[in-house]
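Peer 1: Before anything else, here's the structure in question.
Residue numbers (the numbering used here), protein chains in the order written: chain V, 1364 to 1476; chain H, 18 to 128.
Quick look at the structure:
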């Protein structure tokens, strides 16, 4: 069974440019999460979806970050415009239900120059 | 969310047991104790979880104190592949909240 798939694995952009990350969760997993991980720190939750509904987006910086999960399957996280401080690893995870074990992808490493 | 306290780092030798401690003095009755680990350049992966009783699985054992204010993750025979950051997380599954990660414990394993 395929795990959580994220792309791209690496992305280097100039500041003020837009960037998007894509996540394909495990089939049948209703809950999807986006986390941000800075170097040496634990992952921080950005947003949680139950099917296509964002049920917890309190930590998402809405001035520049946006996310969507159309049809309750794949999800996209966008940053526009990117800032130097956005350099981090963006992790996607999914679970069967909101109470279930989380399965993480390998992450997308963003470098903003 | 209730907080956990873990040592920043620990060291072990290969094939020896490792005991990773976690303090969670403000744990509530509905909080489950979860452990995840993160290998280098990978996303976190589930290790084990429990509520009150000790738990065993193929990866590890979880020993929970009687008052539930602390717990210990036990790796019975450490291998080089067990070198990772280990996160102890309290999660109220009834509330359906997401995992809130701390800094975890970085485990080094030497041959």
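Every residue gets a Cβ at the ideal spot worked out from N, C-alpha and C, and that includes glycine. Since the structure is predicted, the reported quantities are computational estimates derived from the model, not experimental observations.
List the whole-angstrom C-beta distance separating residue 1380 (chain V) from residue 1444 (chain V), where the pair is believed to meet the contact cut-off of C-beta under 8 Å.
Peer 2: Taking the first chain and counting its residues from 1, one reaches residue 1380 (chain V) at position 17. Taking the first chain and counting its residues from 1, one reaches residue 1444 (chain V) at position 81. Contact flag correct, Cβ pair sits at about 7 Å.
Peer 1: List the whole-angstrom C-beta distance separating residue 101 (chain H) from residue 55 (chain H), where the pair is believed to meet the contact cut-off of C-beta under 8 Å.
Peer 2: Sequence index remark: in the second chain, residue 101 (chain H) carries index 84 (1-based). Sequence index remark: in the second chain, residue 55 (chain H) carries index 38 (1-based). Indeed they touch by this definition, with Cβ atoms about 6 Å apart.
Peer 1: Apply the 10 Å Cβ neighbour rule to residue 1390 (chain V) and answer buried if 16 or more other Cβ atoms are within range, or exposed otherwise.
Peer 2: Counting from one through the first chain, the residue named residue 1390 (chain V) turns up at place 27. Flag for residue 1390 (chain V) reads exposed.
Peer 1: Taking 6 Å as the limit between beta carbons, can you name the residues of its chain near residue 39 (chain H), skipping five residues before and five after?
Peer 2: The residue labelled residue 39 (chain H) in the question sits at position 22 within the second chain. Here the set comprises 21, 23, 88, 105.
Peer 1: Expressed to the nearest angstrom, what Euclidean distance is found between the alpha-carbon atoms of residue 90 (chain H) and residue 82 (chain H)?
Peer 2: Walking along the second chain from the start, residue 90 (chain H) turns up at place 73. Walking along the second chain from the start, residue 82 (chain H) turns up at place 65. In a straight line, the C-alpha of residue 90 (chain H) is about 12 Å away from that of residue 82 (chain H).
Peer 1: What residues in the region 67-101 of chain H have a beta carbon less than 9 Å from any beta carbon of chain V?
Peer 2: none
Peer 1: Short check: CB of residue 1456 (chain V) to CB of residue 1467 (chain V), under 8 Å?
Peer 2: The residue labelled residue 1456 (chain V) in the question sits at position 93 within the first chain. The residue labelled residue 1467 (chain V) in the question sits at position 104 within the first chain. Result yes, Cβ atoms of residue 1456 (chain V) and residue 1467 (chain V) sit closer than 8 Å.
Peer 1: Where are the alpha helix (DSSP H) runs, 4 residues long or more, that stay fully inside the region 1380-1429 of chain V, in chain order?
Peer 2: Whole alpha helix (DSSP H) segments, 4+ residues: zero.
Peer 1: Under 9 Å Cβ-Cβ, which residues of chain H neighbour residue 1365 (chain V)?
Peer 2: Position 2 of the first chain, counting from 1, holds the residue named residue 1365 (chain V). Correct list: empty, because the minimum Cβ distance to chain H is about 14 Å.
Peer 1: In the DSSP output, what is residue 41 (chain H) paired with across the bridge?
Peer 2: Locating residue 41 (chain H) in the second chain gives position 24, where the first residue counts as 1. Looking at the DSSP assignment, residue 41 (chain H) forms no beta bridge with any residue, so it has no partner.
Peer 1: Which of helix, strand or coil does DSSP assign to residue 1434 (chain V)?
Peer 2: Sequence index remark: in the first chain, residue 1434 (chain V) carries index 71 (1-based). Taken through DSSP and simplified to helix, strand or coil, residue 1434 (chain V) comes out as helix.
Peer 1: Under 8 Å: do the region 1431-1443 of chain V and the region 26-35 of chain H share three or more Cβ pairs, one atom per stretch?
Peer 2: No, the region 1431-1443 of chain V is not in contact with the region 26-35 of chain H.
Peer 1: I'd like to confirm the pairing. Which residues does DSSP put opposite residue 3 (chain H) in its beta bridges?
Peer 2: Residue 3 (chain H) lies beyond the range of chain H shown here (18 to 128); nothing can be said about it.
Peer 1: Cβ of residue 57 (chain H) less than 8 Å from any chain V Cβ?
Peer 2: Within the second chain, the letter at position 40 stands for residue 57 (chain H). With 8 Å as the cut-off, residue 57 (chain H) does not count as an interface residue toward chain V.
Peer 1: With distance defined between alpha-carbon atoms, name the residue in H:127, H:109, H:122 nearest to residue 47 (chain H).
Peer 2: By 1-based counting over the second chain, the position of residue 47 (chain H) is 30. Of H:127, H:109, H:122, the residue nearest in Cα terms is H:109.
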